[in-house]
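What follows is one structure encoded as structure tokens, with my remarks underneath.
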Amino acid sequence: HGLCVKCPPSLCDHHLFPLFSISVVPKLYFILLASVLSVVLIDVLVQHTLPHGLVHVAQEEVVEVEVAPEAEPEVEPEPEPEPQPPERVQEVVHGEEEEKPKFKPPKIPDGEKVDFDDIQKKRQNKDLVELQSLIDAHFECRKKEEEELIALKERIEKRRAERAEQQRIRSEREKERQARREAERMRKEEADALRKAEDDVKKKIALTNMGSGFSSNLQRIEQKRGKKQTEREKKKKILAERYKPLSFDDLSDDKLREKAKDLWEWLHNLEALKYDYSEKLKRQRYEVVSLRNRIDELQKHSKKGAASRRRK
């Protein structure tokens, strides 16, 4: 057993054979040795199992996870050499970092030149093509709208022609109806005149057969009846003059307005005449009542005077 210059004789054997002197060497030495061995094993496993891009991440995680050292014992530890495997891990990490690809911008080759005018022309041509397509689409849409407008005008004209035809047919029917009504009226008048003539002939025959007294009474009756008929005929004539047949089928808008205006004026005049006649009737009634009262008073006074004269 040789003596060590740095240590006392009691610790010389332990210094020469540290691995077999477990009772004297502190626990820190074994902990550090175990951690170094684990790091080396993990590094070997990672290199053989993980891909190249993930080695750096796994190694960083392995390096970061270290066992915290325990508190130093009261006995001073012997100086020990630093472990080498962590340095190897760091060297592997630096090597992998250098092997990562670096992205560089593409370089334009020196032998070729970029023609910016050509690029500008191509861009302008593209814009012109897009503009031309937009113009074509616009004109196509406008053409469709014009076709729809023409079709709409044709439908309007067709509907207008149909309406005019319906109006014409309606006016013709109205004229036919008026003509039939007039013919019916003429036929009735002729029948009435014929019947009246027959009645007159019969009456004349009866008068010749009957006496003169009866004939005079019959003449008076006929005169009264004639007066009544004349009054009735006058009334019918006046109503026929006042009655104005209306036909709105052949009238335009302006003529309809004029017709409405004329009817309104005619109605206004009728209302004015009605009011005047009603006021005249009121005055006449008042005069009749006042005159009747005066007559009654005069009769009373005359009766009183006659009675007084008789008494005298």
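Numbering-wise (the UniProt record's numbering), the sequence shown opens with residue 1 and increments by one.
Cβ coordinates follow ideal geometry from the N, Cα and C atoms, glycine included.
Remember, it's a predicted structure, so these values are computed and weren't measured experimentally.
Close beta carbons around Asp115, own chain, < 6 Å, minus the five adjacent residues each side = Closer than 6 Å at the Cβ level, and outside the excluded window around Asp115, lies no residue.
Would you tell me roughly how many angstroms separate the C-alpha atoms of Leu149 and Leu128, rounded to the nearest one?
-> Answer to the nearest angstrom: the Cα atoms are 31 Å apart.
C-beta contact flag for Arg170 and Asp249 at 7 Å = Their beta carbons are under 7 Å apart, which means Arg170 touches Asp249 by this criterion.
If you draw a straight line from the C-alpha of Lys122 to the C-alpha of Glu130, how long is it?
-> In this model, Lys122 and Glu130 are separated by some 12 Å (Cα to Cα).
Report the rounded CA-to-CA distance for Asn293 versus Glu241, giving the unit in angstroms.
-> Distance between the alpha carbons of Asn293 and Glu241: 41 Å.
For Tyr286, which residues of its own chain have a beta-carbon under 6 Å away from its beta-carbon, when the five flanking residues on both sides are left out?
-> Closer than 6 Å at Cβ, skipping near neighbours: no residue.
Check whether the region 260-275 touches the region 181-197, counting contact only when three or more Cβ pairs, one atom from each stretch, lie closer than 8 Å.
-> These segments do not touch.
CA-to-CA distance, Asp296 to Lys234, given in whole angstroms | Roughly 38 Å between the two C-alpha positions.
Tell me whether Leu251 sits in a helix, a strand or coil according to DSSP, three-state version.
-> When DSSP states are grouped into helix, strand and coil, Leu251 belongs to the coil group.
Quick one: using the 10 Å Cβ neighbour count with 16 as the cut-off for buried, is Val288 buried or exposed?
-> Exposed, because fewer than 16 other Cβ atoms sit within 10 Å of the Cβ of Val288.
Cutoff 6 Å; reference Val92; Cβ partners in own chain excluding five residues on either side = The predicted model places Val92 with a pLDDT of 45, which falls under 50 and marks its position as unreliable; any figure quoted below should be read in that light. Annotation for Val92: no residue places its beta carbon closer than 6 Å to its own, counting only its chain and skipping 5 residues before and after.
Asp115, DSSP secondary structure in three states | In this structure, Asp115 counts as coil in the three-state DSSP scheme.
Buried or exposed by the 16-neighbour rule on C-beta atoms within 10 Å, applied to Val39 = A buried status is given to Val39, since no fewer than 16 other beta-carbon atoms sit within 10 Å of its beta-carbon.
Under the assumption that Leu251 contacts Lys259 (Cβ atoms under 8 Å), give the Cβ distance between them as a whole number of angstroms.
-> About 6 Å separates the two Cβ atoms, so the contact holds.
Glu154 versus Glu145 - alpha carbon distance | Rounded to the nearest angstrom, the two C-alpha atoms are 14 Å apart.
Rounded to a whole number of angstroms, what is the C-alpha to C-alpha distance between Ala164 and Gln178?
-> Taking C-alpha positions only, Ala164 is separated from Gln178 by approximately 21 Å.
Among residues of its own chain, excluding the 5 on either side of Arg283, which ones have a beta-carbon nearer than 8 Å to its beta-carbon?
-> The answer is none, since no qualifying residue turns up.
Arg257 to Asp199, Cα distance in whole Å?
-> Rounded to whole angstroms, Arg257 to Asp199 spans 50 Å at the Cα level.
Inter-residue spacing [alpha-carbon to alpha-carbon] between Lys158 and Leu152 | The straight-line gap from Cα to Cα measures roughly 10 Å.
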